[in-house]
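Residue numbers (this note's numbering): 4 to 270.
Have a look at this one:
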């Protein structure tokens, strides 16, 4: 099952940034828990074409912290708990596009609000300049008030907007097909996660459990962030982001009325 492939170039990557509202009213956050694979544009992410290979791996539930699932590791540890302290729950913010300039990036919200991002770390250097791109934005549900913009193709962005607004498609979408395949196979999506960053690429996984069979080992699939988030909305499951991806931002205290933003690439 594959979505139409589309050629796209990766933008240079920048690092976590601090968001300042610019003449806007507070934007409403959709409380749909979910997660995401992407390659960064600096710390902005672009969406990559639909999963080249979705690799199933056996997993076990664990209440302990998972130290091996990090941006430094080529493999993703399969033990997981919904309450793993290495991950933060997130909510989807309805964004239309992200634009970047030398001093930061601007996120245009669907309700007309505008959020301005500035660097939260001096190590990132100057932000790359790029024209507006469709984007999916996650808001981390913790005291850090972090935003994670993910630059994507128009297709996953439009599909996500329709799913959030419960717009019925005229024909089945690839995400509906994914959900249906899981259902007929007897598996249920438990949660999705943005798991790590390797060089300039972000990764996500969807964790699955066998319905009605507690003895069956949980499974997880490698998937790009934009597809993971779309699937999460349709399956009504949590989206989580690893703290390791945003560690530099999470260690900074933020001024009042400001937020942090980190960026991704193809997701």
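Note that CB positions come from ideal geometry on N, CA and C, so glycine has one too.
Residue 141 is positioned such that its CB atom lies closer than 8 angstroms to that of residue 244. If you check the CB distance, residue 167 and residue 138 do not come in under 8 angstroms.
Residue range 98-104 is occupied by the beta strand (DSSP E) that includes residue 100.
Beta-bridge annotation (DSSP): residue 228 is not paired with any residue. Of the candidates 105, 208, 216, the residue whose Cα lies closest to the Cα of residue 230 is 208.
Scanning 206, 188, 180, 101 for the CA closest to the CA of residue 119 turns up 101.
Residue 158 has no beta-bridge partner at all, per DSSP.
With contacts defined by Cβ atoms closer than 8 angstroms, residue 144 and residue 192 do not form a contacting pair. Here the C-alpha atom of residue 240 lies approximately 25 angstroms from the C-alpha atom of residue 114. Counting C-beta pairs with one atom in each stretch, the segment 168-184 and the segment 212-221 have fewer than three that are closer than 8 angstroms, which means they do not touch. A direct Cα-to-Cα measurement between residue 135 and residue 217 gives close to 47 angstroms.
Taking C-beta atoms under 8 angstroms as the contact rule, residue 178 and residue 227 fail to qualify, at a distance of about 12 angstroms. Closest in alpha carbon position to residue 97, among 112, 158, 87, 89, is 112. The three-state secondary structure of residue 145, taken from DSSP, is coil.
Under the 10 Å beta carbon count, residue 233 is surrounded by 16 or more other beta carbons and is classified as buried. The Cβ-Cβ distance between residue 247 and residue 89 falls below 8 angstroms. Counting the other Cβ atoms within 10 Å of the Cβ of residue 93 gives 16 or more, which makes it buried.
Note on geometry: alpha-carbon atoms of residue 213 and residue 196 lie some 18 angstroms from one another.
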